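Novice: Just so you know, this note's numbering puts the end of the sequence shown at 586, numbered straight through with nothing missing.
Virtual Cβ for every residue (Gly too), placed ideally from N, Cα, C.
Nothing here was measured: the structure is a model prediction, and the numbers come from that model.
The following block contains the structure, expressed as structure tokens.
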Amino acid sequence: MYRSHNCGELRLDHVNTQVTLAGWVQRVRNKGGLIWVDLRDRYGLTQLIFEEGSTAKELLDKAGSLGREFVIQAKGTVIERTSKNDKIPTGSIEVKVAELEVLNPAKLPPFLIEDETDGGDDLRMKYRYLDLRRNVVRQKLQLRHRMMQETRKYMDAAQFIEVETPVLIKSTPEGARDFVVPSRVNPGEFYALPQSPQTFKQLLMVSGFDRYFQIVKCFRDEDLRADRQPEFTQIDCEMSFVTQEDVLSMFEGLTRHLFKEVKGVELEEVGRMTFADAMRFYGNDKPDLRFDMRFVELNDLAKGKGFGIFDQAELVVGICAKGAAEYTRKQLDALTEWVKRPQIGAKGMVYVKYNTDGSLKSTVDKFYGQEDLTAWADAFGAEPGDLMLILSGDTKVVRKQLSELRLKMGEDLGLRDRTVFKPLWVVDFPLLEWDEETERYHAMHHPFTSPKQEDIPLLDSNPGEVRANAYDLVINGVEIGGGSIRIHDRATQQLMFKHLGFSDEEAQKQFGFLMEAFEYGAPPHGGIAFGFDRLCAIFGGSDSIRDYIAFPKNNSGRDVMIDSPSTIADEQLQELSIQLALKK
Ligand code: ASP
């Protein structure tokens, strides 16, 4: 028996009990004749004590030679501590050790295995297995575990069947590049790793499974960011004989369940907003609703007064930052510089201060009198003490810029509280999105999403206006999940491919299997997928999904611990019939 108890278990009740503990040495404090060792495992920390006089000299020396992260086993008696530590659950006792065994010595770790560590990101990733020993890191993965269990509980109770789908497949377009895997037995041919199990889950509906879910790895080769990894996890679902409302209510239920069971939070009702409104009022299809600061369009009030920049702009639009009129000139200049950075790209910013004495002061006083500015202030619903920030330009561009500014102001004014959760369904997404680069339409969600029946006539005349039966769940400005009601007949699916620029042959080659399945009795169906890593990050109050993944990749898609990706041997390449043509 390696241990009778774990390191988080012993209390005053255990005093005088003989115990055996095993774990890692967190810290050794050596006061000469008195040595304390903090012994750690996943469950907690227990103090071991070795005392001159009552402890044999040999044992005392052994204890004195222990180093950080040694793996040891200690046998002894639980005693009451003279000076108690009420910060840890085992703080009232210590174990007076009679036998000590070093199970495995350890090199000095390259960084401190403590909640507050001195290790930088790169070092911690290289030694991720040591990083994972830290409580604060492990706790994040424990949160993930809880969320997984609660997801399965909810889905199972709602009669979803968990089905695994293959990983070696062919392309399922979700708007990213595929990772591909060469096939040795089929020279010159490649599998693609799934960007999602989309086509398979639809086929399961054709199979009559009715309700499917899977907690599944997906792979997308795209540029990485804090909330993106090349492989990530989805809670993937599909349901038959459902309308959009059915899907929304089922997954609102899941979200609510997770918040309640995992965080003890009663989530407020999930609001709804159309994509068009989200863009118009927040410049963003995933608005952060923890604060208001809605966009106010000023074309009617601001144009035609001789201010050329506004006159020439397609859209003049602004936000009102409550209580920010006290921003100094320096702060405002900095803000103007901020919107002019290439990442935001605004040409300039107009501001109007609503001073507490009721007067209005703007950067465009030359063109607009107090009366004009008062009309603007009314449009903003501004009060004395508020600050109005206004941008102008092409509608799409300026909305994006103002959205960034809004988020920054929200941050600066402390309105993005991580303990507040504002969920929102964004609905009625456009079916298609024009891509400037390739000069053609792309599916905004994916090609299997159904258009709104009443918009189908627009497919030929005005494809960009066609709305889809598609929806996203957004929490605090983060897209948590998205889905749609699908096309379930061959003709519509074919029409869709045609509009996406596929020839009949291409469509047949890539998705013939799905269209054929639709001819064998496909039920109406729809579904959704949640980004599980992101959901965990939101629950944990973090921006980075990496913390919630046991072995994540860095910004260049590398796993620096196992050093991957890496080259492979020539023989392996030969076996795969692959020749490299790398540019030097
Ligand atoms: N497959 C979609 C995605 O990964 C989700 C869905 O439509 O159910 O975004």
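Should D238 be labelled buried (16 or more other beta-carbon atoms within 10 Å of its own) or exposed?
Specialist: When all chains shown are included, D238 counts as buried.
Novice: Please report the straight-line C-alpha distance between F553 and V73, rounded to a whole angstrom.
Specialist: Between F553 and V73, the C-alpha separation is close to 23 Å.
Novice: For the ligand GTP, is there any heavy atom lying closer than 7 Å to the beta carbon of Q236?
Specialist: Ligands present in the displayed structure are limited to the ligand ASP, and the ligand GTP is not among them.
Novice: Is any heavy atom in the ligand ASP found nearer than 7 Å to the beta carbon of A327?
Specialist: Flag unset: Cβ of A327 not near the ligand ASP.
Novice: Our contact map puts V341 next to L407 with C-beta atoms below 8 Å; I'd like the distance itself, whole angstroms only.
Specialist: Confirmed, Cβ separation roughly 6 Å.
Novice: Give me the Cα-Cα distance between D474 and D290, rounded to the nearest whole angstrom.
Specialist: If I take the Cα positions, the gap works out to 13 Å.
Novice: Would you mind giving the Cβ-Cβ distance between Y353 and L391, rounded to the nearest angstrom? I have them listed as a contact below 8 Å.
Specialist: Contact holds; Cβ gap of about 5 Å.
Novice: On the CB-based measure, 16 or more other CB atoms within 10 Å of its CB, does T421 come out buried or exposed?
Specialist: Per the 10 Å Cβ criterion, exposed.
Novice: To the nearest angstrom, how far is the alpha carbon of Y131 from that of V97?
Specialist: Roughly 28 Å between the two C-alpha positions.
Novice: Assign D535 to one of two classes, buried (16 or more other C-beta atoms within 10 Å of its C-beta) or exposed (fewer than that).
Specialist: Answer is buried; the Cβ neighbour count reaches 16.
Novice: At which residue ranges does the region 493-553 contain complete beta strand (DSSP E) runs of 3 or more residues, listed in the order of the chain?
Specialist: Counting whole runs of 3 or more residues, the region 493-553 contains the beta strand (DSSP E) stretches 527-533.
Novice: Which residues in the same chain as L68 place their Cβ atom closer than 7 Å to its Cβ, once the five residues preceding and following it in sequence are excluded?
Specialist: If we look at L68 and ignore the five residues flanking it on each side, its Cβ neighbours are V27, V30, V39 and I74.
Novice: With C-beta atoms as the reference, is F309 less than 8 Å away from V366?
Specialist: A contact, by the Cβ cut-off of 8 Å.
Novice: For a test of the three-state rule: what should DSSP assign to D124, helix, strand or coil?
Specialist: Note: D124 maps to helix in three-state DSSP.
Novice: Taking one C-beta from the region 425-437 and one from the region 371-386 each time, how about it: are there three or more such pairs within less than 8 Å?
Specialist: Output reads no: the region 371-386 does not touch the region 425-437.
Novice: Is Y4 buried or exposed, if buried means 16 or more other CB atoms sit within 10 Å of its CB?
Specialist: Its Cβ having fewer than 16 others within 10 Å, Y4 is exposed.
Novice: At what residue ranges does the region 116-193 contain a whole run of the alpha helix (DSSP H), taking only runs of 4 or more?
Specialist: Segments of the alpha helix (DSSP H) lying fully in the region 116-193: 123-128, 130-133 and 137-159.
Novice: At a threshold of 7 Å, does I530 count as lining the ligand ASP (C-beta to nearest heavy atom)?
Specialist: Yes, since a heavy atom of the ligand ASP falls inside the 7 Å radius drawn around the Cβ of I530.
Novice: Grouping DSSP H, G and I as helix and E and B as strand, with all else coil, what is H490?
Specialist: DSSP places H490 in coil when its eight states are reduced to three.
Novice: Sorry if obvious, but does the Cβ on G285 come closer than 7 Å to a heavy atom of the ligand ASP?
Specialist: Answer for G285: no, Cβ out of range of the ligand ASP.
Novice: Across which residues does DSSP place W378 in a beta bridge pair?
Specialist: DSSP output for W378 lists no bridge partner at all.
Novice: DSSP three-state label for R343, please.
Specialist: Correct three-state label for R343: coil.
Novice: Along the chain, which unbroken stretches of the alpha helix (DSSP H) at least 4 residues long are found entirely within the region 36-82?
Specialist: Those alpha helix (DSSP H) runs which fall completely within the region 36-82 and span 4+ residues are 59-66.
Novice: Contact check, F162 vs F221 under 8 Å by CB: the rounded distance?
Specialist: Contact doesn't hold; Cβ gap of about 23 Å is too wide.
Novice: So the candidates are A159, K288 and D374; which of them puts its Cα closest to the Cα of S361?
Specialist: Nearest option by C-alpha distance: D374.
Novice: My assumption, with CB atoms under 8 Å, is that T257 sits in contact with P525. Please give the rounded CB distance.
Specialist: Not confirmed; about 25 Å, so no contact.
Novice: Counting pairs of Cβ atoms below 8 Å between the region 515-523 and the region 196-212, do you hit three or more?
Specialist: Short answer: they touch.
Novice: Output the boundary residues of the beta strand (DSSP E) element that contains D437.
Specialist: L434 to D437 is the extent of the beta strand (DSSP E) around D437.
Novice: Would you check if there are 3 or more beta carbon pairs closer than 8 Å linking the region 240-250 to the region 483-493?
Specialist: Result yes; three or more Cβ-Cβ pairs closer than 8 Å.
Novice: Flag this pair as touching only if the region 156-175 and the region 192-200 have three or more C-beta atom pairs under 8 Å; answer yes or no.
Specialist: The answer is yes - the region 192-200 touches the region 156-175, with three or more Cβ pairs under 8 Å.
Novice: Identify every run of the beta strand (DSSP E) within the region 419-459, keeping only runs that are complete inside it and at least 3 residues long; order them along the chain.
Specialist: Taking only runs of at least 3 residues, the beta strand (DSSP E) segments lying wholly in the region 419-459 are 425-429, 434-437 and 442-445.
Novice: Can we count E176 as close to the ligand ASP, meaning its CB is less than 7 Å from some heavy atom?
Specialist: E176: yes, Cβ under 7 Å from the ligand ASP.
Novice: The alpha helix (DSSP H) that contains M207, what's its start and end?
Specialist: Note, M207: alpha helix (DSSP H), Q200 to V208.
Novice: Going straight from the alpha carbon of T376 to that of R401, what length do you get?
Specialist: Each residue's Cα considered, the two are about 23 Å apart.
Novice: For D335 and G350, I'd like the C-alpha separation in whole angstroms.
Specialist: C-alpha separation (whole angstroms): 10 Å.
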